[in-house]
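Per the numbering used here, residue 3 is the first one in the sequence shown, and the count goes up by one each step. All C-beta atoms, glycine included, are put in the ideal place defined by N, C-alpha and C.
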Amino acid sequence: MKIPRSCFVLFLSTALAAQTLTPQARAIHNSAIVVDTHADTPQRFLYENFDIGNSDPKDVGHISLDKARAGNLGAEFFSIWADPETTRGHFAQATFDMIDSVYEQAARHPDRMMMAFSVADIERAHKERKLAALMGIEGGHAIENDIHLLHDYYRLGVRYMTLSWSNTNEWADSSGDIDDPQVQHHGGLTDFGKQVVLEMNRMGMMVDISHVADKTFFDAIAISRAPVIASHSSARALTNHPRNMTDDMLRAVAKNGGVVQTNFYSAFIDENYRKAAEAQQKQAEAGVEARVAELKAAGKPVTYLDKDQVEREWAAKLPRPPLKSLIDHIDHIAKVAGVDHVGLGSDFDGVSGAMPEGIDSAADLPKITQALLNRGYSEKDIRKILGGNLLRVFGEVERVSREMRAEATRSSTRQ
Ligand SMILES: [Zn+2]
3 MKIPRSCFVL FLSTALAAQT LTPQARAIHN SAIVVDTHAD TPQRFLYENF
53 DIGNSDPKDV GHISLDKARA GNLGAEFFSI WADPETTRGH FAQATFDMID
103 SVYEQAARHP DRMMMAFSVA DIERAHKERK LAALMGIEGG HAIENDIHLL
153 HDYYRLGVRY MTLSWSNTNE WADSSGDIDD PQVQHHGGLT DFGKQVVLEM
203 NRMGMMVDIS HVADKTFFDA IAISRAPVIA SHSSARALTN HPRNMTDDML
253 RAVAKNGGVV QTNFYSAFID ENYRKAAEAQ QKQAEAGVEA RVAELKAAGK
303 PVTYLDKDQV EREWAAKLPR PPLKSLIDHI DHIAKVAGVD HVGLGSDFDG
353 VSGAMPEGID SAADLPKITQ ALLNRGYSEK DIRKILGGNL LRVFGEVERV
403 SREMRAEATR SSTRQ
């Protein structure tokens with residue numbers, strides 16, 4: 003019988019994946035509540051009309067309901083990101099549109115997915131074997147300097163906000179442009195920025211310090227009354243990228259009781275890859291600009307996906323780092339901050355496909371459990387890394403919120 007080559011390759015890779023996963027790893031992984039705190043899939047929902055129920059084997063996306071089920075992904079924080087370039091002048095509208103796109107997916111697939119807003123919701127979704135869909139806003143520019151908009155986002159279910167994306171906004175400096183003299187910086191968080199952090203504490207929205215400048219990080223840690231998260235950041239001691247966290251920062255998160263959710267992006271976890279990506283960065287950026295100019299000249303709208311397409315072509319030119327590089331980062335954070343302060347923040351669907359070998363989608367998450375087991379991590383510690391730590395921090399943020407709301411009620415009744 004002649005087997006088509008593509009089927010044979012698929013059979014082979016499935017067989018290999020099954021071989022490398024021991025029954026112990028499979029049992030640990032499949033019984034854990036696995037939480038990932040960063041996926042950019044809403045860009046696909048909104049601009050590509052992508053349906054999360056998609057089962058096309060050729061789809062290169064990292065997230066679908068099938069892939070989530072195969073990798074026992076229990077909860078995903080979908081990233082709500084208003085591109086500061088293409089949505090300039092209407093960040094709030096772009097944010098609302100993207101929030102709506104997540105709700106639409108949950109409404110289409112009520113049997114396999116549910117909106118979730120709390121630790122209790124995540125636990126309920128796990129019992130019902132549904133993917134818990136949560137939302138985090140990536141970039142404080144989304145609130146348009148208006149605390150009322152922040153309230154609205156919370157009411158719609160947003161449960162974390164990254165204080166800045168790669169762009170410095172009016173109240174928080176970003177690591178993405180901190181060396182750009184043309185950008186007006188504030189020396190960390192402004193007074194309004196500090197007010198935003200406290201308001202997030204009061205509402206019960208997690209404060210996310212991924213992407214921010216180092217000074218912003220330390221300001222946020224100093225002012226926040228609740229533990230913070232880094233929704234998708236890795237370790238700078240291993241891969242020297244300003245998006246990554248120094249050992250001092252890792253220790254500060256540990257002291258604060260927070261959690262660092264390790265980013266899987268190749269350029270953040272592998273020094274060789276980072277250097278290679280940096281070497282071709284100017285050419286890649288020129289390629290993106292040329293594509294944008296071409297679309298504009300043709301009178302066509304430009305979205306994130308148009309840029310992503312060019313970036314994917316450039317990323318594909320570089321060899322993928324080994325899975326070991328990602329595990330090294332998890333291990334480093336666990337050693338420096340402690341095993342209670344590390345988790346998973348993949349950046350799925352947000353890195354133009356640039357992930358380490360073996361990680362092609364959420365279906366490959368069990369490989370991380372296997373690799374941690376191979377390194378001598380205990381079942382208890384693996385469960386913490388897979389999601390337990392994030393659930394602890396989220397629960398603590400909920401508790402601080404209840405306390406602050408009660409304080410506010412007490413002080414208003416005293417008046
Ligand atoms: Zn990001």
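Straight-line gap, residue i to residue j (C-alpha atoms, nearest Å)
{"i": "A29", "j": "L152", "result": "41 Å"}
{"i": "A317", "j": "M208", "result": "32 Å"}
{"i": "L325", "j": "R416", "result": "58 Å"}
{"i": "A239", "j": "R412", "result": "46 Å"}
{"i": "P6", "j": "N56", "result": "Caution applies to P6, whose pLDDT of 45 falls short of 50 and renders its modelled position unreliable; the value that the coordinates give is listed next. Distance between the alpha carbons of P6 and N56 is about 23 Å."}
{"i": "V312", "j": "E409", "result": "51 Å"}
{"i": "T22", "j": "Q372", "result": "8 Å"}
{"i": "E130", "j": "A72", "result": "16 Å"}
{"i": "G345", "j": "L374", "result": "12 Å"}
{"i": "K132", "j": "G76", "result": "7 Å"}
{"i": "D123", "j": "R322", "result": "36 Å"}
{"i": "V261", "j": "R204", "result": "19 Å"}
{"i": "Q184", "j": "A41", "result": "31 Å"}
{"i": "I225", "j": "M251", "result": "15 Å"}
{"i": "T88", "j": "D333", "result": "37 Å"}
{"i": "A144", "j": "G347", "result": "21 Å"}
{"i": "D330", "j": "I370", "result": "11 Å"}
{"i": "E287", "j": "G389", "result": "36 Å"}
{"i": "E405", "j": "N51", "result": "41 Å"}
{"i": "D365", "j": "S81", "result": "Sequence inspection shows Ala at residue 365; the Asp mentioned does not correspond to that position. Rounded to whole angstroms, A365 to S81 spans 19 Å at the Cα level."}
{"i": "D357", "j": "G159", "result": "It should be pointed out that residue 357 corresponds to Met in this sequence rather than to Asp. Whole-angstrom Cα-Cα distance: 29 Å."}
{"i": "V69", "j": "Y162", "result": "The residue you asked about is not Val; residue 69 is Lys in the sequence shown. If you take the alpha carbons of K69 and Y162, they lie about 24 Å apart."}
{"i": "D308", "j": "D38", "result": "26 Å"}
{"i": "R276", "j": "S233", "result": "20 Å"}
{"i": "E78", "j": "R407", "result": "27 Å"}
{"i": "T264", "j": "A279", "result": "20 Å"}
{"i": "Q186", "j": "R245", "result": "19 Å"}
{"i": "E398", "j": "H343", "result": "13 Å"}
{"i": "N206", "j": "G91", "result": "First, the residue type needs correcting, since residue 206 is Gly and not Asn in the sequence shown. The straight-line gap from Cα to Cα measures roughly 28 Å."}
Opening and closing residue of the alpha helix (DSSP H) in which residue i lies
{"i": "S278", "result": "According to the sequence displayed, residue 278 carries Ala and not Ser. Start and end: 273-281."}
{"i": "A228", "result": "Premise fails: A228 is in no alpha helix (DSSP H) and is neither H nor E."}
{"i": "H31", "result": "25-33"}
{"i": "V209", "result": "Run containing V209: none in the alpha helix (DSSP H); it sits in the beta strand (DSSP E), 208-210."}
{"i": "T371", "result": "368-376"}
{"i": "F47", "result": "44-49"}
{"i": "K382", "result": "381-385"}
{"i": "S403", "result": "391-416"}
{"i": "L67", "result": "67-72"}
Neighbour-count burial assignment, residue i, 16 or more Cβ in a 10 Å radius
{"i": "N74", "result": "buried"}
{"i": "S380", "result": "exposed"}
{"i": "A295", "result": "exposed"}
{"i": "L62", "result": "A small fix is needed here, since residue 62 is Val in this sequence, not Leu. With fewer than 16 Cβ atoms within 10 Å of its Cβ, V62 is classed as exposed."}
{"i": "T24", "result": "exposed"}
{"i": "F419", "result": "Examination of residue 419 is not possible in this model, given that the chain is present from 3 through 417 alone."}
{"i": "G142", "result": "buried"}
{"i": "R157", "result": "exposed"}
{"i": "S177", "result": "buried"}
{"i": "A299", "result": "exposed"}
{"i": "I361", "result": "buried"}
{"i": "S363", "result": "buried"}
{"i": "P368", "result": "buried"}
{"i": "K386", "result": "buried"}
{"i": "A96", "result": "buried"}
{"i": "S8", "result": "Confidence is the limiting factor: at S8 the pLDDT is only 47, short of 50, which leaves the residue's position unreliable and the question unanswerable from this model."}
For residue j and residue i, believed in contact at Cβ under 8 Å, the rounded distance
{"i": "D210", "j": "L165", "result": "7 Å"}
{"i": "P198", "j": "W173", "result": "Looking at the sequence provided, one finds Val at residue 198 rather than Pro. The pair is a contact, with the Cβ atoms about 7 Å apart (cut-off 8 Å)."}
{"i": "T241", "j": "I271", "result": "6 Å"}
{"i": "A256", "j": "A339", "result": "4 Å"}
{"i": "M115", "j": "I54", "result": "7 Å"}
{"i": "V290", "j": "N258", "result": "The Cβ separation is near 37 Å, so there is no contact."}
{"i": "E179", "j": "N171", "result": "Glu is not the amino acid found at residue 179; the sequence shown has Asp there. No, D179 and N171 are not in contact; Cβ-Cβ is about 10 Å, not under 8 Å."}
{"i": "A135", "j": "A118", "result": "6 Å"}
{"i": "S120", "j": "E400", "result": "7 Å"}
{"i": "W98", "j": "E146", "result": "One detail in the question is off: residue 98 reads as Phe in this sequence, not Trp. Their Cβ separation, rounded to whole angstroms, is 12 Å, which puts F98 and E146 out of contact at 8 Å."}
{"i": "F266", "j": "D349", "result": "6 Å"}
{"i": "E201", "j": "I149", "result": "6 Å"}
Residue range of the beta strand (DSSP E) that includes residue i
{"i": "I82", "result": "75-82"}
{"i": "A256", "result": "That residue, A256, is in no beta strand (DSSP E); its alpha helix (DSSP H) goes 249-258."}
{"i": "T39", "result": "36-41"}
{"i": "D262", "result": "This sequence places Val at residue 262; Asp is not what is there. That run of the beta strand (DSSP E) goes 261-264."}
Beta strand (DSSP E) runs contained entirely in the stretch 104-163, provided each spans 3 or more residues: 115-117, 133-140
Secondary structure, beta strand (DSSP E): runs of 3+ residues fully inside the stretch 283-358: With a minimum length of 3 residues, the unbroken runs of beta strand (DSSP E) contained wholly in the stretch 283-358 fall at 344-346.
Alpha helix (DSSP H) runs wholly inside the stretch 167-218, at least 4 long, in chain order: 193-205
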